[in-house]
Every structure is written in C-alpha cells, then in structure tokens.
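A.B. asks: Per numbering that gives the first Met the number 0, the very first residue in the sequence shown carries number 0; after that it's consecutive.
We treat Cβ as the ideally placed atom computed from N, Cα and C, and that holds for glycine.
The structure presented is a predicted model; accordingly, all values stated were derived computationally and were not measured.
Sharing a structure with you now.
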Amino acid sequence: MKQVVSRVAAAITIVGCTVASAPEQASSADAAVHEPGGEAAPSRCVAGTERDCFPGPQDLVGVGACRSGRARCNDAGTAYGECVGAVPPRPEDCSTAADDDCDGLANESDECRCQFGEIRPCYSGPLSTRGVGDCHDGTQRCSSEGEWEESCLGDRGPSIERVAAGELRDEDCDGLVNEENAVCYAWQTIDCDGPQVPWVGICRPGLRRCLPDGSGYGACEGTLFPAPAEICGNGADDDCDGVPDGLDGCPCPDGPVAACYTGPAATRGLGLCHDGVKYCDAWGPNYSDGCDGQQLPLIENCASPEDEDCDGAPALACSAVAREVKLATYEQSFRAALFPSGAIATSGADATGAGAVRIFDALGTFVWVKNFPRSMGFPHVAVAADSSFAVVTREIGGGSDALTVHTFDPSRSLRRVTAITAESELVEVHLFVDGTVGLAGTSISMPRSADRGAIGSHLLPA
C-alpha cells in the first residue's frame with residue numbers, strides 16, 4: 000500500500016541551501032555596481048529582488064517532498080544569497096509518510112516493510128516542524144499485508160499561531176512563541192490565475208507560494224494557458240475549449256468514416272472480396288487501426304460457383320494441386336473422401352492392421368489424424384455436405400468381423416460411436432447431413448434366402 004501524502008505532509012522547509020548558478024541572466028539595463036577602489040563591476044542581479052531556486056534537478060520540484068525556495072539579491076546587486084526554504088531530495092526515510100527521495104513513491108524500499116502488529120512513531124507534518132513547539136509524533140501500525148498504514152494516529156502538526164494572554168505556545172512550530180504578522184506558512188501554496196484558466200484540456204491554474212518569512216504569497220507561477228490554435232493529431236485539447244481535436248478543426252481527410260481494404264490491391268472488388276470501413280480517431284486527423292467488415296481472399300472452394308480467392312477467374316476454375324505425402328511405414332491408402340471446402344480425407348492401414356484417417360486441406364497440407372488400434376483396422380470414411388464425416392472400422396483377428404461406426408462433427412470432434420455386431424464385408428459408406436449413416440456390403444449373417452455372401456445394406460439412424 001503506497002503512502003498517500005498530502006501537500007502539507009510532503010512539504011519540508013530547509014534553510015541554508017546555496018544557489019549553484021543563476022538560471023536568469025541579468026538585464027543589460029541593470030546599472031553597474033561600483034566596488035571599493037572606484038572600479039565599476041557589471042551587476043548580476045537587481046538589489047532586493049527575489050527568484051525561485053532549487054539545489055537539484057529542476058524536474059524534481061513539486062515531486063514528493065521536493066520544494067523550491069527563494070533567493071534574494073544582495074544590496075550590492077552582485078549575487079543572489081542563500082536558497083531559503085528549498086527541500087532537495089534525500090534518502091527515503093521509512094519513519095515518515097513522505098516521498099523523501101522525490102521519485103513519485105513513498106516508502107517503496109524493502110527496508111520500509113514491517114511485521115504485522117508492529118508500531119512505530121510517525122509524523123504527517125513538514126519535517127522541519129517535527130518536535131518543534133507544539134508539534135509531536137503519533138503512532139503508525141503495521142497492517143496484515145506487511146505495510147505501514149496510511150494514517151498517523153495522535154500526531155500534531157502546525158496550526159495557526161494564536162496570541163493568548165498568559166500562554167507561551169508555538170502552535171505553528173516555527174521555533175517562535177506568539178509571533179505576529181505572519182499570514183501563511185512557508186510550505187503553503189494557493190491557486191492563482193483562475194477562474195479565467197479552468198482545468199480543461201491542457202490548461203491548469205498556477206500556484207502562489209508563501210514567502211519564507213510568511214509575510215505573504217509570491218507571484219503566480221506554473222500557469223498553463225490555452226494555445227492560440229488547436230494542434231492537430233496530438234490527442235490534447237490545446238485551446239482548452241473542451242472539444243477533442245477530431246471535432247475541432249482537425250478532421251480526417253476522407254471524413255469521419257472511410258472505405259478501406261487491407262488485402263492485395265489486385266483482389267480489391269473482385270469475386271467475394273469487398274471493402275470495409277475505418278473510423279476517424281477522436282482527436283484526428285488519423286484513422287484508427289483495423290478495417291471493419293472487409294472480405295479478404297479465401298482458399299478457392301471448388302464445389303462453389305463463387306470466386307473465393309478473388310483472382311477474377313471464372314467459377315469452378317480450380318487448379319489441380321498434387322503433393323506427395325509420406326504416410327506411416329507400409330501403410331496403404333485405399334479410401335478417400337472429399338470435403339466441400341476441397342480438403343481431402345484418406346484412410347488406410349499398415350501391415351499390422353493398425354488404421355488411420357488423415358485430413359489434408361485443399362492445398363495438400365496435413366491438418367488432422369485419427370489413429371485406430373489393430374483390432375479396429377481398415378477404416379472406411381464418408382463425408383456429408385456439412386463437412387461432418389463418419390469412419391467405419393472392421394474388427395479383425397478372430398471369428399467375428401463386427402463393424403464400429405464413429406461419427407465426427409464438422410469441427411472433427413467425436414460425436415458418437417456405434418457397434419454393429421453382424422459379421423460383414425463392408426463395401427460402401429455414405430453419411431447424410433441429418434447424421435444418418437448408410438452402409439452397404441456383403442454379409443454371412445443375413446437370412447439364408449440368398450446364397451452365402453449375399454449383398455445387403457444397413458441404415459444407422461442419426
């Protein structure tokens with residue numbers, strides 16, 4: 000659980016930081032300053048003026064506990080003095096709720112984890128006021144998750160200084176008792192440049208910081224004003240009118256909805272292939288990814304009059320595809336069935352009688368196999384118009400040659416298995432769309448009204 004740090008808790012006042020270099024150049028209009036001896040030296044700043052300062056990387060100002068301070072130009076106008084009130088980054092202190100190292104996380108190191116039920120002192124006010132005047136620590140408990148709770152119970156931070164007869168108290172914890180004329184604390188800020196700068200789009204009000212001596216607030220800084228015109232395509236509301244780019248002078252070139260096609264250009268508009276649509280991004284002027292509703296080329300279905308591969312060839316103008324496929328050792332493929340898509344199923348058995356059914360796509364690429372043990376060898380296969388199929392195996396190795404019918408749905412999932420106990424020599428199998436299986440062959444178990452080995456047929460209901 001990350002610590003949630005308020006502005007008050009994250010702010011620290013440190014006095015005495017030296018400004019390394021002046022980020023602002025002195026104006027050429029500044030008067031020269033005469034040093035002892037009568038020689039004139041160029042002025043580096045205007046005497047008595049102040050500016051922000053920070054003894055560290057500028058991008059850390061305002062992150063975690065880091066705060067800028069103020070530096071004052073000396074009376075001679077030769078240099079700025081100490082950086083008063085700045086809070087630079089420092090090593091993470093697990094005893095505080097602040098983001099001390101200003102990396103955007105509070106107490107993130109493993110050293111800050113704790114044991115359930117453990118108690119430690121804590122303080123939620125500015126560190127410079129901890130233990131000063133009326134300000135004192137509270138306690139913080141370790142949660143069952145091994146992290147310190149966010150709340151600091153019983154601590155007391157700075158409050159407004161009150162002058163009461165007979166009392167000598169330092170309520171604002173600045174080390175002074177009952178001082179007067181202060182209107183704010185050095186760590187306080189207030190919004191400025193509003194309401195003319197609303198929190199809309201990129202626009203943000205600025206901040207005024209309390210001066211180090213608490214006598215008032217400084218100039219407004221950090222305001223983000225509306226841009227003169229919308230910047231198209233950056234996803235931001237630059238002119239702060241509450242309207243995204245795509246609806247505010249940044250339209251897509253072909254309108255809010257445009258035709259699109261991502262297939263080969265030569266197939267566009269041929270056969271079954273057709274365009275889809277693409278939509279303008281909310282911020283324009285670009286279109287979102289994807290092309291909804293388009294039809295791309297497919298493998299040609301030789302059983303269909305349509306031009307699925309969108310090559311412009313006449314219907315049923317399928318090219319013959321020959322591919323050599325190596326099967327298992329000694330296996331002989333003696334049955335084949337064609338799917339409506341052009342895929343083909345082959346069935347056969349090896350020298351041991353172990354059978355298999357294999358399916359290849361219309362281009363001869365292997366896609367599926369079903370093996371059958373030796374006792375169920377020599378499979379026959381039949382395909383229905385909806386691409387469901389049936390495999391019939393004949394039991395071998397014994398006195399009985401019973402048949403077993405395996406039916407599969409179009410996704411090649413086994414639907415059911417049915418045994419036919421009559422001894423028979425299977426000749427042909429047919430599968431109907433309704434699931435009915437038709438078997439034709441010779442049988443020695445049929446009535447002896449015909450010669451031994453009479454021809455017969457059998458319908459297996461769906």
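So what does DSSP say about A264, is it helix, strand or coil?
C.D. replies: Along the sequence shown, one-based indexing puts residue 264 at 265. A264: helix per DSSP, three-state reduction.
A.B. asks: Give me the Cα-Cα distance between L413 and Q294, rounded to the nearest whole angstrom.
C.D. replies: In the sequence shown, counting from the first residue as 1, residue 413 sits at position 414. In the sequence shown, counting from the first residue as 1, residue 294 sits at position 295. Rounded to whole angstroms, L413 to Q294 spans 32 Å at the Cα level.
A.B. asks: Report the three-state DSSP secondary structure of S346 (helix, strand or coil).
C.D. replies: Sequence index remark: in the sequence shown, residue 346 carries index 347 (1-based). If DSSP states are grouped into helix, strand and coil, S346 belongs with the strands.
A.B. asks: Assign Q57 to buried or exposed, taking buried as 16 or more other Cβ atoms, counted over all protein chains shown, within 10 Å of its Cβ.
C.D. replies: Within the sequence shown, residue 57 is the residue found at index 58, counting from 1. So Q57 counts as exposed.
A.B. asks: Under 9 Å, do C202 and T188 count as touching if we go by C-beta distance?
C.D. replies: Your numbering for residue 202 matches position 203 in the sequence shown. Your numbering for residue 188 matches position 189 in the sequence shown. Result no, Cβ atoms of C202 and T188 do not sit closer than 9 Å.
A.B. asks: By Cβ distance below 8 Å, which residues in the same chain neighbour D360 in space, the five residues on each side in sequence not counted?
C.D. replies: Position 361 of the sequence shown, counted from the first residue, corresponds to residue 360. These residues qualify, in order along the chain: I298, S340, G341, A342 and V366.
A.B. asks: According to DSSP, which residues form a beta bridge with V428?
C.D. replies: Residue numbering aside, residue 428 sits at position 429 when the sequence shown is read from its first letter. V428 pairs with L438.
A.B. asks: In terms of alpha-carbon separation, which member of D306, K369, H135 and T417 lies closest to G270?
C.D. replies: Taking the first residue of the sequence shown as 1, we reach residue 270 at position 271. Comparing Cα positions, the closest option is D306.
A.B. asks: Name the residue from R415, P409 and V390 whose alpha carbon lies nearest to the alpha carbon of L438.
C.D. replies: For the purposes of this step, residue 438 is taken as the residue at position 439 of the sequence shown. If we check each option's Cα against that of L438, V390 comes out closest.
A.B. asks: Pull up the CB-CB distance for F371 and T392, whole angstroms please, since I reckon it's below 8 Å.
C.D. replies: Sequence index remark: in the sequence shown, residue 371 carries index 372 (1-based). Sequence index remark: in the sequence shown, residue 392 carries index 393 (1-based). Correct: roughly 5 Å between the Cβ atoms.
A.B. asks: Quick check on the burial criterion: 16 or more other C-beta atoms within 10 angstroms. Buried or exposed for T48?
C.D. replies: The residue given as residue 48 occupies position 49 in the sequence shown. Exposed, since its Cβ has fewer than 16 Cβ neighbours within 10 Å.
A.B. asks: So the beta strand (DSSP E) C259 belongs to, where does it begin and stop?
C.D. replies: Locating residue 259 in the sequence shown gives position 260, counting from the first residue. V256 to C259 is the extent of the beta strand (DSSP E) around C259.
A.B. asks: Rounded to the nearest angstrom, how far is the Cβ of D99 from that of P87, given a contact under 8 Å?
C.D. replies: Looking up residue 99 in the sequence shown gives position 100. Looking up residue 87 in the sequence shown gives position 88. About 10 Å; that fails the 8 Å criterion.
A.B. asks: Spell out the partners DSSP gives V196 in its beta bridges.
C.D. replies: Here residue 196 is taken as the residue at index 197 of the sequence shown, counted from 1. DSSP, once it has assigned bridges, lists no residue as partnering V196.
A.B. asks: According to the neighbour-count rule (16 or more other Cβ atoms, all chains shown, within 10 Å of its Cβ), is W147 buried or exposed?
C.D. replies: Start at 1 with the first residue of the sequence shown, and residue 147 comes out as number 148. Flag for W147 reads buried.
A.B. asks: Nearest CA to the CA of E149: which residue from R168, P120 and S346?
C.D. replies: Translated into the one-based positions of the sequence shown, residue 149 becomes position 150. Closest by alpha carbon: P120.
A.B. asks: Would R69 pass as a contact of V83 if the rule is Cβ separation under 9 Å?
C.D. replies: Counted from its first residue, the sequence shown places residue 69 at position 70. Counted from its first residue, the sequence shown places residue 83 at position 84. Contact flag set, yes.
A.B. asks: Can you list the alpha helix (DSSP H) stretches of 4 or more residues lying completely in the stretch 37 to 81, in chain order?
C.D. replies: Those alpha helix (DSSP H) runs which fall completely within the stretch 37 to 81 and span 4+ residues do not exist here.
A.B. asks: Hey, out of S287, C239, D308 and S303, whose CA is closest to H273's CA?
C.D. replies: The residue you call residue 273 lines up with position 274 of the sequence shown. Checking every option, the nearest Cα to that of H273 belongs to D308.
A.B. asks: Go ahead and label L59 buried or exposed: buried means 16 or more other beta carbons lie within 10 angstroms of its beta carbon, across all protein chains shown.
C.D. replies: Indexing the sequence shown from 1 puts residue 59 at position 60. By the neighbour-count rule (16 or more Cβ atoms within 10 Å), L59 is buried.
A.B. asks: Tell me whether the beta-carbon of C134 lies closer than 9 Å to the beta-carbon of G156.
C.D. replies: Locating residue 134 in the sequence shown gives position 135, where the first residue counts as 1. Locating residue 156 in the sequence shown gives position 157, where the first residue counts as 1. The answer is yes: Cβ separation under 9 Å.
A.B. asks: Count the other C-beta atoms from every protein chain shown that fall within 10 angstroms of the C-beta of Q195, then say buried if there are 16 or more, exposed otherwise.
C.D. replies: Within the sequence shown, numbered from 1, the residue matching residue 195 stands at position 196. The residue in question, Q195, is exposed, as its Cβ has fewer than 16 Cβ neighbours within 10 Å.
A.B. asks: Taking only the alpha-carbon atoms, compute the straight-line gap between D238 and W198 and give it to the nearest angstrom.
C.D. replies: Counting from 1 along the sequence shown, the entry for residue 238 is found at position 239. Counting from 1 along the sequence shown, the entry for residue 198 is found at position 199. Taking the straight line from one Cα to the other gives about 12 Å.
A.B. asks: What does the Cβ neighbour count give for I118, buried or exposed, with the cut at 16 atoms within 10 Å?
C.D. replies: Translated into the one-based positions of the sequence shown, residue 118 becomes position 119. Looking at its Cβ environment, which holds fewer than 16 other Cβ atoms inside 10 Å, I118 is exposed.
A.B. asks: Hey, out of G289, P125, L206 and C93, whose CA is closest to Y260's CA?
C.D. replies: As a first step, residue 260 must be located in the sequence shown, where it is residue number 261. The residue with the shortest Cα to Cα distance from Y260 is G289.
A.B. asks: Suppose contacts are defined by Cβ-Cβ distances below 9 Å. Is C72 in contact with G61 by that definition?
C.D. replies: Here residue 72 refers to the residue found at position 73 when the sequence shown is read from its first residue. Here residue 61 refers to the residue found at position 62 when the sequence shown is read from its first residue. Not a contact, by the Cβ cut-off of 9 Å.
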